[in-house]
Every structure is written in structure tokens, then in C-alpha cells.
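Asks:
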Amino acid sequence: MKTLILSLLSALPLAFISPTTLAAERIVSLGGSVTEIIYALKQEKNLVGIDSSSIYPDATQQIPKVGYYRSIPVEGVAALNPSLLLSSEIAGPKKSLDALAQLGIQIQTIPDRPSIDSLYQRIQTIADILNVSEDGKQLLNKTKQDIDSATTLPAQKLDTIFIINRTGSLMAAGSETSADEIMKLAGVNNIFAHQKGFKPVANESLASAKPELIIITEFSAQNSGEIDRLKSLPALIDSPAVKNNRILVLDDLLAMTLGPRTGEAIRQIKNATLMTK
């Protein structure tokens, strides 16, 4: 019988495992936004593991980490003996998810695209799976209201770059990223929207971009030697952003994903456009 069940599980494509109301006792969450929503729904009591992108709230530091959600270690996840895996739709590789499904772990795929509609779907999907649908509706309404309120605030439509530094070289956010979506909502112009995803940016491109606002994540600012060193880079030192001290450092998860705090990210960017020397 057990062999038959595992065979059926392995034959079922992950993308077609629809959300069901269940009361799982041991949950592993894969994806920073997924984990943040679980906490926002006050359902963290069932978490036994999270991935390394799950850094908010601070309480996540007490939960075992299983590695990065785009490079899932089967052994690390299985060792936690989870009954349910809440997996961002961009988690992988697929062979790792297939292997975990064959171990009898229920896998639920969560919408996770860089759009506001996907965020709203993500909140309600997670709430439905965890059998707290009404709480999900409340969180969804609260998030919508917060984002709507933030988008009405005044701001300047500044030419903006969003940069990260994780490997020792700067990369800029292009289209089809959560960072680009947040910049659109904040009413600023993403200079590198012509490219897709995060791409390395050459010094010449940075210099010619002449950004009026620079957004960088906290971790990236540390990797770049803090803000003063970033300002002194030859490619940026003469930019309007540096001259007017318009450099915004954002919490990594706040800046890189869409979640219940996206309204706060929008507010911070809008406020930054109004900063003066």
C-alpha cells in the first residue's frame, strides 16, 4: 500500500497539487515572502524549517535553515521530518521537489511572481492551505489598503537604479523583478527597466545612467564597504543621487520581494525622492 501511495504521489505534477484545507503539524517554508506571510497569519507555531531567504521577522533566526530555496537540499529538508512543504513556485530544482514528494511529504506550490496580483494570491493561498481563510482575507485587505495608501503619497519621478552586491560586483534590477514592481508603485523611473532580471552593470553604464536616486539593500551596502565607499565609486561620485545624498538603504526582504510590508517599501522610496542635502 505504501508503495502504491508513493507511486501516485510521484505521478502527480507539482503544479497541479491544488491548495487544500489541512492542519499540518510540521511545516517547512521555502521562500522569504511565503515565510513572512505565515508569520503575518500567526501560524508560525507549526514551522520546523525555513530557507535562507526567510529573514523576516527576527523570530525566523530561531528556526532551522535548510538552504536556499532555489537550490533545495533534499536531505536537509527530509531530516526535519516535515508533513507539509509550502514552496514558492520558483523554488527548485524540480528533481529535489519530486524526491521530497516521493518521501510522502505533501507539497503545496505557492504563487510567487513579481506582481501585486501574485502577492494577493499568495496571501490567500497560504491562508486557505493553513485553514485560516478568514484571517487571510483580513491580511489581504490590510495589505491592499496599506499599498493603496502608500501609492497616493507625493513623490518626485526620479531616474532610479536599484543595485545589489552579493558577489563583489554590482548588479542592477531590470524588469520582471519585485524591485521593479515596487519602483513602479513608488512612481520612480527604473533606468534599467529595458533589461530583464538582475544583471551585472558596468562602470560605464552606471556613469552614463546618471541616477537621481540609488536604492541598495542592507546586505549589499555592507558588501560595498558601506555607503561612503559606494558614494566614492568613480561611476557614481558625480551622479545627481550622490550629489544630493539620495541613497536609500532598504531591508533585503522588503526590497527584494513583495509581501505584507510592500506599502512600507513604497513609502520609504517616495520619501527618499523628496530628500534634500
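Numbered by mature numbering (1 follows the signal peptide of the UniProt record, and there is no 0), the letters in the sequence shown go through residues -23 to -1, 1 to 254 in order. Beta carbons: idealized from backbone N, C-alpha and C, even for Gly. Being a predicted model, the structure only gives us computed values, none of them experimental.
Roughly how far, in whole angstroms, is the beta-carbon of Ile82 from the beta-carbon of Glu66, given that I think they are within contact range, below 8 Å?
Replies: With a Cβ gap of about 17 Å, Ile82 and Glu66 do not count as contacting.
Asks: Under the three-state reduction of DSSP, which class applies to Thr(-3): helix, strand or coil?
Replies: For Thr(-3), the predicted structure reports a pLDDT of 43, less than 50, and the residue's modelled location is therefore unreliable. A value from the coordinates is still provided. Three-state result, Thr(-3): coil.
Asks: Three-state secondary structure (DSSP) at Phe169?
Replies: It is coil, neither helix nor strand.
Asks: Going by DSSP, what residues sit across from Phe175 in a beta bridge?
Replies: Partner(s): Ala150.
Asks: When the Cβ atoms of the region 103 to 111 are set against those of the region 156 to 171, are three or more pairs found closer than 8 Å?
Replies: The region 103 to 111 vs the region 156 to 171: no contact.
Asks: What are the boundary residues of the beta strand (DSSP E) that includes Thr137?
Replies: From DSSP, the beta strand (DSSP E) with Thr137 extends over 136 to 141.
Asks: Bridge partners for Ser65 per DSSP, in chain order?
Replies: For Ser65, which the question treats as bridged, DSSP gives the partners Ile87.
Asks: Opposite Ile93 in the DSSP bridges: which residues?
Replies: Ile93 pairs with nothing; no bridge assigned.
Asks: List the whole-angstrom C-beta distance separating Ile168 from Ile138, where the pair is believed to meet the contact cut-off of C-beta under 8 Å.
Replies: The Cβ separation is near 5 Å, so the contact holds.
Asks: When the distance is taken between beta carbons, is Pro41 closer than 8 Å to Ile4?
Replies: No; because the gap between Cβ atoms is not below 8 Å, this pair is not in contact.
Asks: Check whether the Cβ atoms of Leu63 and Val25 sit closer than 8 Å, and answer yes or no.
Replies: No, Cβ-Cβ distance for Leu63 and Val25 is not below 8 Å.
Asks: Check whether the region 217 to 236 and the region 185 to 197 touch, using three or more Cβ-Cβ pairs below 8 Å as the test.
Replies: Yes, they touch.
Asks: The beta strand (DSSP E) that contains Thr128, what's its start and end?
Replies: Segment 110 to 128 is the alpha helix (DSSP H) holding Thr128; no beta strand (DSSP E) there.
Asks: Could you spell out the range, first to last residue, of the alpha helix (DSSP H) harbouring Ile49?
Replies: No alpha helix (DSSP H) holds Ile49; DSSP gives it neither H nor E.
Asks: Give me the Cβ distance between Lys247 and Pro217, rounded to the nearest whole Å; I'm assuming they're in contact under 8 Å.
Replies: In fact, because the Cβ distance is near 18 Å, the residues do not count as touching under 8 Å.
Asks: When DSSP builds the beta bridges, which residues end up paired with Gly202?
Replies: DSSP, once it has assigned bridges, lists no residue as partnering Gly202.
Asks: Please list the terminal residues of the continuous beta strand (DSSP E) segment that includes Ile193.
Replies: Unbroken beta strand (DSSP E) run through Ile193: 190 to 194.
Asks: Does the beta-carbon distance from Ile93 to Ile124 come in below 8 Å?
Replies: Contact: yes.
Asks: Is Thr120 buried or exposed, if buried means 16 or more other CB atoms sit within 10 Å of its CB?
Replies: Buried, by the Cβ-count rule.
Asks: Where Ser152 and Gln172 are concerned, what is the direct C-alpha to C-alpha distance, given to the nearest angstrom?
Replies: In a straight line, the C-alpha of Ser152 is about 6 Å away from that of Gln172.
Asks: Any idea what DSSP makes of Gly236, helix, strand or coil?
Replies: DSSP places Gly236 in coil when its eight states are reduced to three.
Asks: Is Leu207 helix, strand or coil by DSSP?
Replies: Looking at Leu207 - three-state DSSP - the assignment turns out to be helix.
Asks: Report the partner residues of Ser30 according to the DSSP bridge assignment.
Replies: Answer is none; Ser30 lacks a bridge partner.
Asks: Could you pull the start and end residues of the beta strand (DSSP E) that Leu7 belongs to?
Replies: It spans 4 to 7 - the beta strand (DSSP E) in which Leu7 sits, taken as one unbroken run.
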